[in-house]
Amino acid sequence: MKPDKRIWEDYWGGDEDHSWWKHPAGEVRDFIRSQSPDDRPEVLDLGCGLGRHAIAFARAGFSVTACDTSARAIAHLDKWARDLSLGIRTLVCDVLSDVLSENAFDIVLAYNVIYHGDRHQLSAAINRVQHLLRANGLFYFTCPSRDDGKYGFGQEVAPHTFRCEKSVTPGDIHYFTDEADLNDLLTGFVGVERVKREGYWDNKGERQFYSTWHVIVRKP
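Our numbering applies: residue 7 is where the sequence shown begins, and numbers increase by one.
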């Protein structure tokens, strides 16, 4: 089961207000401040969207590669980086693409990305990241928990996997995890931090509960 890439391509090309997507998440800003480009210089922003986190890493002195399956999103990032005179390598591809070199990155970020599919796809993405990272490299990713307000709404296309009707992009596929599931998925990594962040967000006028895992692990 593959996520429909056209949903995001259409979203980035639509009339929606995308301003929220141009500001880095606070948790990612904190993570960037906790790292040094001297110790971990090479960063991959996986599923970068418009590029808010790629820009933030580049401004902090890291060498950044950013990829997304949306050509529109990458075109936006290319222009943004040029306007700021930042050198960011961009690619239109997904995590499984052989364009991405193994053992090439010290940090991989996948913020609100790799759960767009079923569990098999999430597992494949995590395993691929393990090969992309250098020894001692860090992987920071997010994924929704099974307490999230979107869980159970829309067609269940696989266990704990829904074609979500309450998403920013209705109809896209989400896989939802729990703690035991994450433990199994992250075999081979060393845990650094795992936090479940919860609260409410405004989904087109509807107050909606979110419950999201923020996970940082290290490749031995």
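We put the beta carbon where it would ideally sit given N, CA and C, even for glycine.
Between the alpha carbons of R134 and S40 lies a gap of roughly 25 angstroms. Contact check for A77 and I61: beta-carbon distance about 18 angstroms, past the 8 angstroms limit, so the pair fails to qualify.
Taking a C-beta distance under 9 angstroms as the contact criterion, S217 and D178 do not qualify as a contact pair. Rounded to whole angstroms, the separation of the alpha carbons of Y206 and G143 is 32 angstroms. By the criterion of at least three beta-carbon pairs nearer than 8 angstroms, the stretch 190 to 197 is not in contact with the stretch 159 to 172. In this structure L115 is in contact with Y146, their Cβ atoms being roughly 5 angstroms apart against a cut-off of 8 angstroms. When the Cα atoms are used, V119 and S25 turn out to be separated by approximately 18 angstroms. Between A164 and D124, the C-beta spacing is below 9 angstroms.
In the structure shown, R152 adopts coil according to DSSP, grouped into three states. In the displayed model, K202 falls within a strand according to three-state DSSP. Residue range A77 to D89 is occupied by the alpha helix (DSSP H) that includes A79. In the assembly as shown, H82 is a buried residue. Its beta-carbon has 16 or more other beta-carbons within 10 Å. Under the DSSP definition of a beta bridge, G197 partners with V223. Looking only at K11, R12, G20 and A66, the smallest Cα-Cα distance to D36 is reached by A66.
Around A64, the same chain offers V70, L92 and I94 as residues with beta carbons nearer than 6 angstroms, after the five sequence neighbours per side are excluded. With a minimum length of 4 residues, the unbroken runs of alpha helix (DSSP H) contained wholly in the stretch 14 to 73 fall at 32 to 40 and 58 to 65.
Here S151 has F182, T183, D184, K202, S217, T218 and W219 as same chain residues with Cβ atoms under 7 angstroms from its own Cβ, once five neighbours each way along the sequence are excluded.
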